[in-house]
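Q:
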Amino acid sequence: MTINQIIENNIVKGLNELFGAEATGNQVALQKTKKEFEGDFTFVVFPWLRVSKKSPQITAQLLGDYLVQHTPEISSYNVIQGFLNLVVDNTYFTQFLCHNCQNIEFGFPEQTAPKNIVIEYSSPNTNKPLHLGHIRNNLLGWSVAEILKANHHHVTKVNLVNDRGIHICKSMLAWKKWGNGETPESAGMKGDHLIGKYYVMFDQAYKKELEQLQQSGMTNEEAIAHSSLMNEAHRMLQMWEEGDVETRHLWEKLNSWTYQGFSATYQRLGIDFDDTLYESKTYLLGKQLVETGLEKSVFYRKEDGSVWADLTADGLDEKLLLRSDGTSVYMTQDLGTAVMRHDKYHADMMIYVVGNEQEYHFDVLKLVLKKLGYEWANSIYHLSYGMVELPCGKMKSREGTVVDADDLMEEMYETAYKMGCSLSKLDTMKADEATCLCNMVGLAALKYFILKVDPKKKMLFVPEESVDFNGNTGPFIQYTHARIQSLLRKAENQKIEIKKVEHCAMLDKERDILKLLHQCPEVVQQAAENMSPAVIANYLYDVAKEFNQFYQDIPILRETDVEKISFRLQISLFTACVLKKGMALLGIQVPDRM
RNA sequence: GGUCCCAUAGUUCAACGGAUAGAACGAAAGUUUCCUAAACUUUAAAUACAGGUUCGAUUCCUGUUGGGAUCACCA
């Protein structure tokens with residue numbers, strides 16, 4: 005049981021015994037005491053004045069006396085207005101430090117109901133390279149998966165590759181027409197970038213064609229209908245669906261180039277998956293489900309042969325499920341994917357990390373699944389995150405207003421390198437060590453910048469300006485860790501042993517940082533409940549900041565009292581552990597020197 | 001037009017209905033004979049507007065204004 009729970013239980017007992025309140029546990033919530041007041045936990049008594057029938061001051065005093073008497077961990081209290089501030093005994097914190105400093109399980113909260121969770125993220129299209137939007141998606145998905153694991157859930161990370169459809173045919177057609185057999189090797193390009201080049205090429209040629217057709221007197225619609233390029237692409241899609249050998253062969257070849265490119269990007273980003281699924285393998289199941297729904301009269305067929313779900317009774321619109329030519333749409337595929345995924349993993353919860361622009365899509369998906377009789381539709385959770393916007397607005401691949409993932413990571417590395425040089429941090433390092441460090445620092449800056457923001461909120465990215473290396477940033481936390489490691493190395497060189505100190509007079513700064521470290525498990529738990537790595541990121545910043553103040557104000561190795569040195573080293577060691585573990589949940593590595 | 005989301009210092013982000021709304025960047029001023037100055041200290045600076053609920057509202061409700069998303073035989 006955590007100390008919060010112990011105190012809360014005693015508050016419930018106190019309220020009942022003193023005032024006959026008939027209170028229960030979930031009505032009582034403890035909060036952290038604000039910094040400017042004395043105390044560690046605060047209980048607000050205002051809501052209980054009705055049952056105590058006494059003034060706020062008296063009510064709080066009575067309860068305070070009761071708690072000090074019945075809770076060994078609480079040494080004293082004070083009352084300000086209706087706020088009862090409870091002071092935890094110093095010994096509690098010194099013992100907490102002794103018991104958890106070397107505990108590798110520390111930070112992972114207790115879990116009474118572990119779940120089977122499948123989390124999907126990334127979900128790229130194979131016709132273009134990954135960009136900043138994918139980076140947010142990947143980092144969020146990966147980090148949330150780690151956070152859920154830290155809360156003892158069984159997590160499967162899956163990537164659903166959108167490997168088929170008209171968009172893929174566009175790059176295939178462009179490569180076939182104008183590629184002259186170009187390969188990633190011959191072009192000296194990453195495979196995904198090469199394919200992306202042809203995708204853009206198609207779009208440019210298509211636009212030019214439309215312009216010419218319009219100049220020759222056609223309306224916009226007529227031009228679209230008469231575009232030979234688009235018609236060719238559609239023919240290619242049909243051939244693909246019919247299983248034409250040559251088309252399939254081309255498709256496989258170009259996709260394999262993209263996968264090689266993706267794989268390199270994922271690796272550099274530090275992202276991985278337990279399983280990869282392909283839409284080309286699930287869309288047929290979706291079609292079957294639609295047929296079943298037709299038989300059950302859950303869906304209906306229009307005169308032109310298209311199949312629809314009528315969701316107007318539920319406040320949504322009518323939704324197309326099969327085109328009049330019988331081919332499937334996005335929703336059809338997703339229905340198949342959902343059923344397949346549920347059957348394959350026996351999931352209690354299926355998380356989809358997908359942008360908030362698709363909220364409507366997921367509302368529809370859940371509703372249609374329910375109409376088909378799948379009760380588990382409620383276990384689908386759309387982890388809906390905000391878009392990353394540029395100063396010029398939304399990112400659009402075809403218009404070239406994207407921040408490419410590979411370029412961005414390279415820029416981060418270069419910035420870290422320049423910075424390292426100007427601070428003379430790299431002077432004493434070997435070349436490969438410096439490279440490794442700059443990669444670590446550059447990535448940390450990028451990842452932290454993205455993950456510290458609440459996932460639900462959209463965020464603004466200003467190239468050359470957004471990603472900082474000072475202040476509330478990844479490198480700041482890395483620096484704090486490196487500083488502690490340096491301290492510990494020095495201690496080892498001086499043959500100083502870190503002994504367990506069970507009782508020790510404490511300075512305010514020491515107490516502050518211990519109190520903060522003590523909160524780690526509940527922070528990890530809260531991050532899981534909110535599915536928000538930002539909770540962890542902001543906590544780690546607080547820890548690092550608190551430690552730097554401690555480090556600045558209080559001598560550690562320069563102290564003369566052996567007990568105090570030991571105690572402070574132990575605090576430092578523990579801080580380093582929490583920083584390292586926490587950063588690992590964000591997918592950020594921490595160096596031992598920088 | 002229908003539905004949904006958002007609005008906090010100059011800027012980017014915080015704040016389970018609780019106390020004097022926190023940080024960072026940027027601006028101004030300081031701290032290195034001493035454990036890493038990628039650090040620390042100090043100053044100035046914000047809840048879009050109007051109502052309501054509450055002992056108490058940045059947070060909940062209603063309206064106004066301003067942004068964004070979505071409602072495709074696109075994915």
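All the letters of the first sequence, read from the start, carry residue numbers 5 to 598 under my numbering. Every residue, glycine too, gets a C-beta built ideally from N, C-alpha and C. This structure is a prediction, so every number in the text was calculated from the model and none was measured.
Please classify Glu150: is it buried, with 16 or more other beta-carbons within 10 angstroms of its beta-carbon, or exposed?
A: Buried: at least 16 other Cβ atoms inside 10 Å.
Q: Taking the beta carbon of Leu177 as the centre, do at least 16 other beta carbons fall within 10 Å, making it buried, or is it exposed?
A: Its Cβ being crowded by 16 or more others within 10 Å, Leu177 is buried.
Q: Put Ala227 into one of helix, strand or coil per three-state DSSP.
A: Helix, per DSSP.
Q: Looking only at its chain, what residues have a beta carbon closer than 6 Å to the beta carbon of Tyr572, apart from the 5 residues adjacent to it on each side?
A: Contrary to the premise, residue 572 reads as Arg rather than Tyr in this sequence. Contacts found: Ile560.
Q: Considering only the alpha carbon of each residue, which of Ala342, Ser284, Thr46, Asp408 lies closest to Ser383?
A: It is Ala342 whose Cα lies nearest to the Cα of Ser383.
Q: Let me know if Met354 comes out buried or exposed under the rule of 16 or more other beta-carbons within 10 Å of its beta-carbon.
A: Label assigned to Met354: buried.
Q: Taking Cβ positions, are Ser576 and Leu492 nearer each other than 9 Å?
A: In this structure, Leu492 lies closer than 9 Å to Ser576 by Cβ.
Q: How far does the alpha helix (DSSP H) with Met222 in it reach, from first residue to last?
A: Careful: Met222 lies outside any alpha helix (DSSP H) and carries neither H nor E.
Q: Would you check if there are 3 or more beta carbon pairs closer than 8 Å linking the stretch 85–101 to the stretch 57–73?
A: They touch, by the three-pair rule.
Q: Quick test of your reading: Glu322 and Ala313, contact by CB under 8 Å. State the CB separation rounded to the nearest angstrom.
A: Right, their Cβ atoms sit about 7 Å apart.
Q: For Glu42 and Gln61, I'd like the C-alpha separation in whole angstroms.
A: Roughly 16 Å between the two C-alpha positions.
Q: Compare the C-alpha of Cys102 against each of Arg54, Cys440, Thr579, Leu427 and name the closest.
A: Here the closest residue by C-alpha is Thr579.
Q: Let's test the definition: count the other Cβ atoms within 10 Å of the Cβ of Gly221 and tell me whether it reaches 16, buried, or not, exposed.
A: It counts as exposed.
Q: Work out the CA separation of Tyr70 and Glu21 for me, nearest whole Å.
A: Each residue's Cα considered, the two are about 10 Å apart.
Q: For the stretch 523–536 and the stretch 104–114, state whether three or more C-beta atom pairs, one from each stretch, are separated by less than 8 Å.
A: Yes, they touch.
Q: Pop quiz: Arg272 and Met416 are said to be a contact at Cβ under 8 Å. What is the actual Cβ separation, rounded to whole angstroms?
A: Between Met416 and Arg272 the Cβ distance is about 10 Å, and since that is not below 8 Å, they are no contact.
Q: Taking all protein chains shown into account, do 16 or more other C-beta atoms lie within 10 angstroms of the C-beta of Met234, making it buried, or fewer, making it exposed?
A: Met234 comes out buried.
Q: Quick one: what does DSSP say Phe47 is sitting in, helix, strand or coil?
A: In this structure, Phe47 counts as strand in the three-state DSSP scheme.
Q: May I ask you to report which of helix, strand or coil DSSP gives Gly185?
A: Three-state DSSP puts Gly185 in coil, outside helix and strand.
Q: Given a threshold of 16 other Cβ atoms within 10 Å of its Cβ, counted over all protein chains shown, does Ile15 qualify as buried or as exposed?
A: Buried, since its Cβ has 16 or more Cβ neighbours within 10 Å.
Q: Let me check understanding here. Comparing Cα to Cα, which of Ile502, Glu226, Val122 lies closest to Asp278?
A: If we check each option's Cα against that of Asp278, Val122 comes out closest.
Q: Measure the C-alpha to C-alpha separation of Pro595 and Asn184 and round it to an integer number of angstroms.
A: One C-alpha to the other measures close to 47 Å.
Q: Does Cys442 pass the burial test, meaning 16 or more other C-beta atoms within 10 Å, or should it be called exposed?
A: Buried: at least 16 other Cβ atoms inside 10 Å.
Q: Three or more C-beta pairs under 8 Å: does that hold for the stretch 464–484 against the stretch 533–548?
A: Judged by Cβ distances under 8 Å, the stretch 464–484 makes contact with the stretch 533–548, as three or more pairs qualify.
Q: What does the Cβ neighbour count give for Ile517, buried or exposed, with the cut at 16 atoms within 10 Å?
A: Ile517 should be labelled buried.
Q: Are the beta-carbon atoms belonging to Asn163 and Thr262 less than 9 Å from one another?
A: Going by C-beta atoms, Asn163 is not nearer than 9 Å to Thr262.
Q: According to DSSP, is Gln593 helix, strand or coil?
A: Of the three classes helix, strand and coil, the one that applies to Gln593 here is coil, per DSSP.
Q: Mind checking who Lys161 pairs with in its DSSP beta bridge?
A: According to DSSP, which records beta bridges pairwise, Lys161 is partnered with Ile123.
Q: Which runs of the beta strand (DSSP E) fall wholly inside the stretch 390–419 and span at least 3 residues, in chain order?
A: Runs of the beta strand (DSSP E) inside the stretch 390–419: 392–394.
Q: When you compare the stretch 166–173 with the stretch 376–392, are there three or more beta-carbon pairs, one atom per stretch, that lie closer than 8 Å?
A: They do not touch, by the three-pair rule.
Q: Does the beta-carbon distance from Gly265 to Leu198 come in below 9 Å?
A: Result yes, Cβ atoms of Gly265 and Leu198 sit closer than 9 Å.
Q: What are the complete beta strand (DSSP E) segments, minimum 3 residues, inside the stretch 260–337?
A: Qualifying beta strand (DSSP E) stretches, in chain order: 279–282, 311–314, 322–326.
Q: Identify every residue that forms a DSSP beta bridge with Val92.
A: Answer by DSSP bridge pairing, in chain order: Ile78.
Q: Under a three-way DSSP split, which group does Met353 fall into?
A: Strand, per DSSP.
Q: So, does the stretch 422–438 touch the stretch 363–371, judging by three or more C-beta pairs under 8 Å?
A: Taking 8 Å as the limit for Cβ pairs, the verdict is that the stretch 363–371 does not touch the stretch 422–438.
Q: Quick check on the DSSP output: the alpha helix (DSSP H) that includes Ile502 runs from which residue to which?
A: Ile502 -> no alpha helix (DSSP H), and no H or E assigned at all.
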